[in-house]
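To start, the structure itself, in structure tokens.
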Amino acid sequence: MNIHIRELEETDCPGVLLIGNQAFTCNHTIEDAATHYARTKGDDRLKRLGTQTFQTGGFMKKEYTTKPESMKDIETYGFSWIDFVTAIPSPLLVVTSYKANGLPNACLQSWSTFVGCDDTFYCVMASVNKNGHMYKSIKETKELVLNFPSANYFDMCAKTIENNAYDDDEISKSGLTAENATTVNAPRIKECFLNLECQYLWEKELYEGSDHVVMCVTVTNICMDTCLFNEDSGRYSEEGYLYNVHYPVNPETGEGRYDCLATVKRIEDTITHY
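Following the numbering used here, the numbering of the sequence shown begins with 173 at its first residue and continues without gaps.
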């Protein structure tokens, strides 16, 4: 049995902080924190469970500086072993542009982040292969579209991985529909609920001599399905943003699962003061 404590608070015991169902302590034992919480909140279950509650709740941490022994024989396909241990979710999107022959290029992409500054909105793609059609077409045209699919269209978007010959219309061959963008010369994917039209800004190699670059683009226009305007049944639902969860592995056993998809769900409102 595990007790889920939702409060975030400093306790009366110096050096003890309760966060979620974890007790962080510098000068006191976990039992102290559990007993204190039981006394102040009147929860006898927590007092009875004591140390076991917090240990099973994830309090026990372990550090890794090098690849765990259990992962020595795991194929990482060019990724870092840290990718597999942390398995940090990243938004899934399809990057579209025009190849030199005028045909649409479409590349399923992840490992991206977004940030706004004043009235400008940026996307930083952390891993773009310099040997792919995506990189070459963006460098030639300086224009692209970031297309966000829902789970219903993921399988078709995934087909762009195999339908990537130079003479392929990579959008239509994958069962999707291309439409004209408004502000850039690049195709949008009609079935995607959000399209961000972008212009290329800059790039930097991940490290000197790397065949992958970090690429930054700026958004020039947004096209969004009105059905997604509602937060709970739209963007943050099973019909909204998709995330790539990259092959989570247990570093102690080496056991793991294949890549999987995830959606995001809002759990509570927060108020931020600037």
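Positions of the beta carbon are idealized from the N, C-alpha and C atoms, including for glycine. As the structure is a computational prediction, the values presented were derived from the model and not from experiment.
Roughly how far, in whole angstroms, is the beta-carbon of Leu316 from the beta-carbon of Val389, given that I think they are within contact range, below 8 Å? Against the sequence shown, residue 316 aligns to sequence position 144. Against the sequence shown, residue 389 aligns to sequence position 217. With a Cβ gap of about 6 Å, Leu316 and Val389 count as contacting.
Alpha carbon to alpha carbon, how far is Thr332 from Ser346? Numbered from 1 along the sequence shown, position 160 holds the residue referred to as residue 332. Numbered from 1 along the sequence shown, position 174 holds the residue referred to as residue 346. Whole-angstrom Cα-Cα distance: 6 Å.
Starting from the C-beta of Lys362, find all residues in its chain whose C-beta is less than 8 Å away, skip the five residues before and the five after it, and write them out in chain order. Looking up residue 362 in the sequence shown gives position 190. The answer, listed in chain order, is Leu348, Thr349, Ala350, Glu351.
Check whether the Cβ atoms of Tyr372 and Lys314 lie closer than 8 Å to each other. Translated into the one-based positions of the sequence shown, residue 372 becomes position 200. Translated into the one-based positions of the sequence shown, residue 314 becomes position 142. Cβ atoms of Tyr372 and Lys314: closer than 8 Å.
Since Thr258 is in the beta strand (DSSP E), which residue starts that stretch and which ends it? For the purposes of this step, residue 258 is taken as residue 86 along the sequence shown, with counting starting at 1. Element bounds for Thr258: not the beta strand (DSSP E) but the alpha helix (DSSP H), 253 to 258.
Considering only the beta carbon of each residue, do Tyr415 and Ala434 sit closer than 8 Å? One-based indexing of the sequence shown puts residue 415 at position 243. One-based indexing of the sequence shown puts residue 434 at position 262. Yes.
Put Ile246 into one of helix, strand or coil per three-state DSSP. As a working mapping, residue 246 is identified with position 74 in the sequence shown. Looking at Ile246 - three-state DSSP - the assignment turns out to be coil, as it is neither helix nor strand.
Considering only the beta carbon of each residue, do Asn393 and Glu369 sit closer than 8 Å? Residue mapping note: residue 393 aligns to position 221 of the sequence shown, counting from 1. Residue mapping note: residue 369 aligns to position 197 of the sequence shown, counting from 1. The answer is yes: Cβ separation under 8 Å.
Buried or exposed, going by whether 16 or more other CB atoms sit within 10 Å of the CB of Met483? Any question about residue 483 goes unanswered here, given that the chain covers just 173 to 446.
Classify Arg360: buried if its beta carbon has 16 or more other beta carbons within 10 angstroms, exposed otherwise. Within the sequence shown, residue 360 is the residue found at index 188, counting from 1. Buried, by the Cβ-count rule.
Can you give me the C-alpha to C-alpha distance between Val296 and Thr238, rounded to a whole angstrom? Position 124 of the sequence shown, counting from 1, holds the residue named residue 296. Position 66 of the sequence shown, counting from 1, holds the residue named residue 238. Cα to Cα, Val296 sits roughly 28 Å from Thr238.
Identity of the residues DSSP links to Pro420 by a beta bridge: As a working mapping, residue 420 is identified with position 248 in the sequence shown. Bridge partners of Pro420: none, in fact.
Counting C-beta neighbours from all protein chains within 10 Å, is the total for Leu378 16 or more, i.e. buried, or is it exposed? Within the sequence shown, residue 378 is the residue found at index 206, counting from 1. Per the 10 Å Cβ criterion, exposed.
What are the uninterrupted segments assigned as alpha helix (DSSP H) that are 4 or more residues long and contained completely in the stretch 275 to 362, given in chain order? 305 to 313, 326 to 330
Strand pairing of Cys370, partner residues [DSSP]: In the sequence shown, counting from the first residue as 1, residue 370 sits at position 198. Paired residues: Leu316, Val391.
On the CB-based measure, 16 or more other CB atoms within 10 Å of its CB, does Phe251 come out buried or exposed? Along the sequence shown, one-based indexing puts residue 251 at 79. That one is exposed.
Rounded to whole angstroms, what is the Cα-Cα separation between Asp424 and Pro240? As a first step, residue 424 must be located in the sequence shown, where it is residue number 252. As a first step, residue 240 must be located in the sequence shown, where it is residue number 68. The residue you asked about is not Asp; residue 424 is Glu in the sequence shown. Cα to Cα, the separation comes out at about 7 Å.
Integer-rounded CB distance, given that Leu318 should sit under 8 Å from Leu280: Here residue 280 is taken as the residue at index 108 of the sequence shown, counted from 1. Here residue 318 is taken as the residue at index 146 of the sequence shown, counted from 1. No, Leu280 and Leu318 are not in contact; Cβ-Cβ is about 12 Å, not under 8 Å.
Assuming Ala298 and Ser284 make a contact with CB atoms under 8 Å, what is their CB distance in whole Å? Here residue 298 refers to the residue found at position 126 when the sequence shown is read from its first residue. Here residue 284 refers to the residue found at position 112 when the sequence shown is read from its first residue. The pair is a contact, with the Cβ atoms about 7 Å apart (cut-off 8 Å).
Within a Cβ cutoff of 8 Å, which residues of the same chain sit near Ala323, ignoring the five residues on either side of it in sequence? Reading the sequence shown from its first residue, position 151 is the one you call residue 323. Excluding sequence neighbours, Ala323 sits near Glu410, Glu411, Leu414, Leu433, Thr435.
Let me make sure I understand the geometry here. Which of Asp340, Asp245, Phe365, Met387 has the alpha-carbon closest to that of Cys399? Position 227 of the sequence shown, counting from 1, holds the residue named residue 399. Of the candidates Asp340, Asp245, Phe365, Met387, the one whose C-alpha sits nearest the C-alpha of Cys399 is Phe365.
Give the DSSP-derived three-state secondary structure of Glu377 in the structure shown. As a position in the sequence shown, residue 377 is number 205, starting the count at 1. Correct three-state label for Glu377: strand.
Can you give the Cα-Cα distance for Trp253 and Glu247, rounded to whole angstroms? As a first step, residue 253 is located in the sequence shown; it is residue number 81 there, counting from the start. As a first step, residue 247 is located in the sequence shown; it is residue number 75 there, counting from the start. Cα to Cα, Trp253 sits roughly 9 Å from Glu247.
Closest by CA to Lys437, which one among Arg407, Tyr430, Glu427, Asp431? One-based indexing of the sequence shown puts residue 437 at position 265. Among Arg407, Tyr430, Glu427, Asp431, the Cα nearest to that of Lys437 belongs to Arg407.
For Phe320, which residues from the same chain have a beta carbon less than 7 Å from its beta carbon, with the 5 sequence-adjacent residues on both sides left out? Residue 320 sits at position 148 when you count from the first residue of the sequence shown. Within the same chain, Phe320 has close Cβ partners Leu265, Cys364, Phe365, Leu366, Tyr413.
Reduced DSSP category for Thr425 - H, G, I as helix; E, B as strand; rest coil: If you number the sequence shown from 1, residue 425 lands on position 253. Reduced to three states, the DSSP call for Thr425 is coil.
Less than 8 Å between the C-beta atoms of His384 and Val267, yes or no? Position 212 of the sequence shown holds residue 384. Position 95 of the sequence shown holds residue 267. Contact flag unset, no.
Applying the 10 Å Cβ sphere with the 16-neighbour rule, what's the burial state of Glu440? One-based indexing of the sequence shown puts residue 440 at position 268. The residue is exposed, with fewer than 16 neighbouring Cβ atoms inside 10 Å.
Using the C-alpha atoms, what's the distance from Met387 back to Pro263? On the sequence shown, position 91 is the one that residue 263 refers to. On the sequence shown, position 215 is the one that residue 387 refers to. Approximately 16 Å, taken between the alpha carbons.
Using the Cα positions of Asn402 and Phe326, report the straight-line distance between them to the nearest angstrom. Indexing the sequence shown from 1 puts residue 402 at position 230. Indexing the sequence shown from 1 puts residue 326 at position 154. So the two alpha carbons sit approximately 21 Å from each other.
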